[in-house]
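Residue numbers (UniProt numbering): 1 to 536.
No residue lacks a Cβ here, since even glycine has one placed at the ideal position from N, Cα and C.
Since we're looking at a predicted model, the values are computed, not measured.
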């Protein structure tokens, strides 16, 4: 039986599955997600608790100082010997302090010279490629805003960056408080009508996102896993812990994941890649995006394994399994970085906050995993941890065997695809051959039709030429009426030469011979013949 017990985050068994109850929410009773790093509170309630605790500590320290002064005043020595001795001790202490201050001043001068040099000045620190690119993107984005709003945001962000980079003595908690105060101040300004004039809620959220990206890209090397914290030791501890739990299988966690299915393994590999990729991102929201993608791939793997959409109770064991398989680098540092510097509104609600809370729960479970968590006896658990025994091979598939099964499935698919491709090729070849034969027949029929058509056209042309021969007439040329050459005149104007036989004809217009002459004249020149009877 798989059980999860860590702080207030508990799980109950229902129908053989883990049931995550409302303990994921803040233990103050608000609707926001809690976090083991915040002792089960959400970021808002946790800040209130921390501030209240700091106030109590400050009051206690002040009260302790007052009590110390009162006790010191009441116990002052009254004798002269004690007074002389106290003066001697005071003088000795002053000389020692003077000598120490002299040595410190020497080193202080050396350090001040080094700090004042341009080479070691924080103002002239060479920006990384990511920072240079982010500066350019941030400037382009501010150019799209109102000038007054862009100037105000630019001034606030750069002022905070300068303050954090300049004051290297700030603790990581103090730096986190400065960044969280900046988020709160900027968020309140975006809610005021004076600054959010003409901006929608989406545009205000985009401004918050861009400001967060620019701020933490510039501060990444300073605030991620600083030397003043124990984040690196925790990273090594959780990494060593995960290595020692390499024997824990999906069956131990009762994830219900079908690791034999290649589609499930593909989703799990993507989830492992995403959770490992989280360390390569600089901005908390980009790291959260990796966690969200990883979680969605886990849900896909569960859905494929069960044949139905997975529930939230099935998600946490699968996430623990993925974390154990991936062993992400700098896991604790990334979680601390997101917790300290991410915009709290992103962690308090939404799918990013939900999946991040589950990841924190998974890490807390791994840190506190014991025999009862896996329903094993203490002896069996110790033997697993020492390596004396290994899980039953029949209950899980090793990587080599799983890879071999995937290769066999891939080969079977390739064989089936090859067979189908061969059948398609043969069918296409038959269709090509049939097309060739049909094409040849169509070409023969077409050529025969063309031949018959040509013969028919030739016969018709010959018949037309035989019926109406074609005579070529001379080309017409313009004729001048005033030409001296009478042969070039048109026939109506061309003079006729009378033959000698016609020259002896009588001049009587009524004579038969005269009638023969006038027959050839055009109609306007034809003489009218009047009968003899009409004259009388």
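Alpha-carbon to alpha-carbon, residue j and residue i
{"i": "residue 409", "j": "residue 296", "result": "25 angstroms"}
{"i": "residue 169", "j": "residue 275", "result": "33 angstroms"}
{"i": "residue 231", "j": "residue 331", "result": "9 angstroms"}
{"i": "residue 233", "j": "residue 226", "result": "12 angstroms"}
{"i": "residue 304", "j": "residue 270", "result": "14 angstroms"}
{"i": "residue 346", "j": "residue 205", "result": "11 angstroms"}
{"i": "residue 443", "j": "residue 473", "result": "45 angstroms"}
{"i": "residue 171", "j": "residue 336", "result": "14 angstroms"}
{"i": "residue 366", "j": "residue 167", "result": "37 angstroms"}
{"i": "residue 466", "j": "residue 440", "result": "39 angstroms"}
{"i": "residue 219", "j": "residue 414", "result": "51 angstroms"}
{"i": "residue 175", "j": "residue 208", "result": "18 angstroms"}
{"i": "residue 264", "j": "residue 193", "result": "50 angstroms"}
{"i": "residue 282", "j": "residue 288", "result": "11 angstroms"}
{"i": "residue 186", "j": "residue 155", "result": "12 angstroms"}
{"i": "residue 250", "j": "residue 228", "result": "38 angstroms"}
{"i": "residue 248", "j": "residue 212", "result": "39 angstroms"}
{"i": "residue 475", "j": "residue 437", "result": "57 angstroms"}
{"i": "residue 203", "j": "residue 184", "result": "17 angstroms"}
{"i": "residue 134", "j": "residue 377", "result": "54 angstroms"}
{"i": "residue 131", "j": "residue 358", "result": "31 angstroms"}
{"i": "residue 189", "j": "residue 197", "result": "11 angstroms"}
{"i": "residue 546", "j": "residue 412", "result": "Not covered by the structure: residue 546. The range shown for the chain is 1 to 536."}
{"i": "residue 434", "j": "residue 417", "result": "26 angstroms"}
{"i": "residue 462", "j": "residue 489", "result": "38 angstroms"}
{"i": "residue 496", "j": "residue 471", "result": "27 angstroms"}
{"i": "residue 469", "j": "residue 459", "result": "15 angstroms"}
{"i": "residue 127", "j": "residue 177", "result": "25 angstroms"}
{"i": "residue 451", "j": "residue 493", "result": "55 angstroms"}
{"i": "residue 386", "j": "residue 240", "result": "14 angstroms"}
Residue i burial status per 10 Å Cβ neighbour count (16 or more: buried)
{"i": "residue 353", "result": "buried"}
{"i": "residue 390", "result": "exposed"}
{"i": "residue 138", "result": "buried"}
{"i": "residue 464", "result": "exposed"}
{"i": "residue 446", "result": "exposed"}
{"i": "residue 558", "result": "The question about residue 558 has no answer here: the residues shown for the chain are numbered 1 through 536."}
{"i": "residue 291", "result": "buried"}
{"i": "residue 252", "result": "buried"}
{"i": "residue 422", "result": "exposed"}
{"i": "residue 146", "result": "exposed"}
{"i": "residue 163", "result": "exposed"}
{"i": "residue 341", "result": "buried"}
{"i": "residue 255", "result": "buried"}
{"i": "residue 449", "result": "exposed"}
{"i": "residue 259", "result": "buried"}
{"i": "residue 148", "result": "exposed"}
{"i": "residue 356", "result": "buried"}
{"i": "residue 481", "result": "exposed"}
{"i": "residue 373", "result": "buried"}
{"i": "residue 384", "result": "buried"}
{"i": "residue 424", "result": "exposed"}
{"i": "residue 426", "result": "exposed"}
{"i": "residue 142", "result": "buried"}
{"i": "residue 236", "result": "exposed"}
Any non-hydrogen atom of the ligand MN within 7 angstroms of residue i CB
{"i": "residue 458", "result": "Questions concerning the ligand MN fall outside what the structure shown contains, since it holds no ligand whatsoever."}
Anticipated Cβ contact below 8 angstroms, residue i with residue j, distance rounded
{"i": "residue 401", "j": "residue 362", "result": "Actually they do not touch by this definition, with Cβ atoms about 27 angstroms apart."}
{"i": "residue 257", "j": "residue 327", "result": "Not confirmed; about 18 angstroms, so no contact."}
{"i": "residue 302", "j": "residue 318", "result": "6 angstroms"}
{"i": "residue 323", "j": "residue 298", "result": "In fact, because the Cβ distance is near 10 angstroms, the residues do not count as touching under 8 angstroms."}
{"i": "residue 179", "j": "residue 214", "result": "Residue 179 to residue 214, Cβ: 12 angstroms. No contact."}
{"i": "residue 165", "j": "residue 222", "result": "6 angstroms"}
{"i": "residue 129", "j": "residue 160", "result": "About 22 angstroms; that fails the 8 angstroms criterion."}
{"i": "residue 279", "j": "residue 344", "result": "Going by Cβ atoms, the distance from residue 279 to residue 344 rounds to 22 angstroms, so no, they are not a contact pair."}
{"i": "residue 333", "j": "residue 224", "result": "7 angstroms"}
{"i": "residue 370", "j": "residue 381", "result": "7 angstroms"}
{"i": "residue 238", "j": "residue 284", "result": "About 19 angstroms separates the two Cβ atoms, so there is no contact after all."}
Short CB-CB distance (under 8 angstroms) between residue i and chain D
{"i": "residue 176", "result": "Chain labels in this structure do not include chain D; a single protein chain is all it has."}
I'd like the ranges of any beta strand (DSSP E) spanning at least 3 consecutive residues and lying wholly in the segment 145-197. none
My parser needs the alpha helix (DSSP H) runs of 4 or more residues fully inside the segment 189-266; what are they? 201-223, 231-244 and 250-253
Quick check on the DSSP output: what are the complete alpha helix (DSSP H) runs of length 4 or more inside the segment 438-478, in order along the chain? none
Alpha helix (DSSP H) segments (min. 4 residues) lying fully within the segment 358-405: 378-386
List in chain order: all unbroken beta strand (DSSP E) runs of 3+ residues lying wholly within the segment 266-334. none
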